Amino acid sequence: PSSRCEGSTPPAPRRARRCRLSELGRCIQVLLQDSTAIMEGELKAQSLLPGCSRSAVEDGCLVVAYEGRSRMRTLTVRSGEKLRTQHGEFHHDEWIGAKFGRKAFATASCGSKRRRVADERKERDSTTAAGDGDLQKDAAASRKAWIYLLAPTPELWTRTLSHRTQVLYVADISLAIGRMGLKPGMHVLESGTGSGSMTHSLARAVAPSGRVDSYEFHESRALAAQAEIECHGLGDFVKVHVRDVQKDGFPVEEDRKADAVFLDVPGPWEAIPSLKEGLKEDATLCSFSPCIEQVQKTCEAMATVGGFSDFRTFEILLRQYDVFTHRTKPLDPDGSAEELA
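Positions 3 to 343 (the numbering used here) are the ones given, in order, by the sequence shown.
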């Protein structure tokens, strides 16, 4: 007896199914090739310095030294230099050639003389207890302070950058980029460069064939942001302009209109009129505002200017947790934990 339900279509012949599967295989292969190209572009943008490999540390490469969740710093690796922390000294020469994500051990202890003597005694005891040479090295290294060497990404840069202004963090950035539907090859406008946190994430989203034009009214902040962009190897597709878009509006480029615009300014409604001619018909506008009154004025401006539709407003309430066997701790913004009853 047939197991088919009444009204269902009969199964396709085996040869037809084989053809369809082969076509599906070709489609999957093409999609994989396209996604590989996109991933290569994103990885190229994630490597903030052009000469910095994604797999190993090199001389002149940008590295994030991870001491803890609330203790990270970004620095350039230079032969002959040292990183001094409260836990010890780390020689850059020992980092060169190491893979990202590996531990780097301190070569000398810092702090009080009593602490240094105690560290040396522990190292001698562990060395004496181990008979094999490799075991001696491992035992000695286990007693030393260490840090993680992480590859620079926009997310880590956001947490380690120098704050010239207030910055957006991962939760807001990811929602904005996701809702704007950014992908390689797009042209994005940004107003309110500030410390460059959002700018780096926009650059990674549209790299390597896209373009980001960021506008900042404060000249010294704009110059500092552009210098960081050039240092991080993103200058080919990011340009920071000195311009007050609230007063002068966005410049209109007839030959290349923008696919999306991101506003992070006190009065985003003042920049709305100039965007009508500078955006493509299917472009997306995203505005970040801390107050609901700013949101209301921006929506009213878009309705008055016309051409905008499908207004949506989101609020993100993010809380991180540390989960243990018998207790749960919510994390404070500074990374510390407080136990719940």
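Backbone N, C-alpha and C define an ideal beta-carbon position, used for all residues, glycine too. The structure displayed is predicted, hence computed values, not measured ones.
Grouping DSSP H, G and I as helix and E and B as strand, with all else coil, what is D95?
Correct three-state label for D95: helix.
Rounded to whole angstroms, what's the CA-CA distance from V375 to Y217? Just pull it up for me.
This structure cannot speak to residue 375, because the chain is shown only from 3 to 343.
So which of L225, D284, R166, L64 has the shortest CA-CA distance to A344?
Shown here, the chain extends from 3 to 343; a query on residue 344 therefore has no answer.
Hey, out of R321, V325, F326, whose CA is closest to A173's CA?
The shortest Cα separation from A173 among R321, V325, F326 belongs to R321.
Given V363, which residues of its chain have a CB within under 7 Å of its CB, disregarding the five upstream and five downstream residues?
Outside the modelled stretch of the chain, which goes from 3 to 343, sits residue 363, for which no answer is possible.
Based on the DSSP secondary-structure assignment, which residues constitute the bridge partners of F264?
F264 pairs with E192, C288.
How would you label F252, buried or exposed, when you count the other beta carbons within 10 angstroms and need 16 or more for buried?
The residue in question, F252, is buried, as its Cβ has 16 or more Cβ neighbours within 10 Å.
Out of L319, P270, T315, I179, point me to the one whose CA is closest to V214's CA.
Looking at the Cα atoms, I179 is the closest of the given residues.
For the beta strand (DSSP E) that contains T167, what are its first and last residues?
Unbroken run through T167: none, as it is neither H nor E.
Which residues in the same chain have their Cβ closer than 7 Å to the Cβ of H93, if we skip the five residues on either side of it in sequence?
Result list for H93: K84, T109, in chain order.
For the alpha helix (DSSP H) containing G235, list its first residue and its last residue.
Per DSSP, G235 belongs to no alpha helix (DSSP H) and is neither H nor E.
Assign A147 to one of three DSSP states: helix, strand, or coil.
Of the three classes helix, strand and coil, the one that applies to A147 here is coil, per DSSP.
Assign Q168 to buried or exposed, taking buried as 16 or more other Cβ atoms, counted over all protein chains shown, within 10 Å of its Cβ.
Exposed: under 16 other Cβ atoms inside 10 Å.
Would you grab the beta carbon distance between E192 and L204 for me? Rounded to a whole angstrom, and I think it's under 8 Å.
Rounded, the Cβ-Cβ distance is 6 Å, consistent with contact.
CB F264 to CB V325, shorter than 9 Å?
No; because the gap between Cβ atoms is not below 9 Å, this pair is not in contact.
Hey, G103 and E60: beta-carbon distance below 9 Å or not?
No.
G212 and G187 look like a contact to me (Cβ under 8 Å); what is the Cβ gap, rounded to whole Å?
The Cβ separation is near 5 Å, so the contact holds.
Given R166, which residues of its chain have a CB within under 7 Å of its CB, disregarding the five upstream and five downstream residues?
Here the set comprises G196, S197, R223, A226.
State the start and end residues of the unbroken beta strand (DSSP E) segment that holds A67.
Counting along the chain, the beta strand (DSSP E) containing A67 begins and ends at 64-70.
Could you tell me the alpha carbon to alpha carbon distance between I274 and Y68, rounded to whole angstroms?
Rounded to whole angstroms, I274 to Y68 spans 41 Å at the Cα level.
Could you give the DSSP three-state label for E44: helix, strand or coil?
Because E44 sits at a pLDDT of 41, beneath the cut-off of 50, its placement in the model cannot be relied upon, and the point is left open.
Between the Cα of I313 and those of E255, M182, E230, spot the shortest distance and give me the residue it belongs to.
According to the sequence provided, residue 313 is Phe. The question's Ile does not apply to it. Minimum Cα distance to F313 is reached at M182.
What are the boundary residues of the alpha helix (DSSP H) that includes E218?
No alpha helix (DSSP H) holds E218; the beta strand (DSSP E) holding it covers 213-218.
Determine the closest residue to R206 out of L277, H220, G235, with distance taken between C-alpha atoms.
Checked all of L277, H220, G235; the closest Cα to R206 is G235.
Quick one: measure Cβ to Cβ for T300 and S311, integer angstroms, because I've assumed they're closer than 8 Å.
The Cβ separation is near 14 Å, so there is no contact.
Given this structure, state the Cα-to-Cα distance separating G53 from A262, to the nearest angstrom.
Per-residue confidence for G53 stands at a pLDDT of 37, beneath the threshold of 50, marking its modelled position as unreliable; the derived number appears in the next sentence. Using only the alpha carbons, I get a separation of about 30 Å.
For the putative contact between L170 and M200, defined by C-beta atoms under 8 Å, what is the C-beta separation to the nearest angstrom?
Yes, L170 and M200 are in contact; Cβ-Cβ is about 5 Å, under 8 Å.
Among the residues of its own chain, which have a CB less than 6 Å from the CB of E279, if the five just before and after it don't count?
The residues are V254.
Compute the Euclidean distance between the alpha carbons of H89 and K105, then round it to the nearest angstrom.
If you take the alpha carbons of H89 and K105, they lie about 14 Å apart.
Would M304 and L287 be called neighbours here (beta carbons separated by less than 9 Å)?
A contact, by the Cβ cut-off of 9 Å.
Using the Cα positions of G269 and Q296, report the straight-line distance between them to the nearest angstrom.
G269 and Q296: Cα-Cα distance of roughly 7 Å.
Is the beta carbon of W271 sitting closer than 9 Å to the one on E317?
No. Outside cutoff.
For D266, count the other beta carbons within 10 Å of its own beta carbon; 16 or more makes it buried, fewer makes it exposed. Which is it?
With 16 or more Cβ atoms within 10 Å of its Cβ, D266 is classed as buried.
For A100, does the three-state DSSP call read helix, strand or coil?
It is coil, neither helix nor strand.
Taking just the CA atoms, how far does G194 sit from A229?
One C-alpha to the other measures close to 16 Å.
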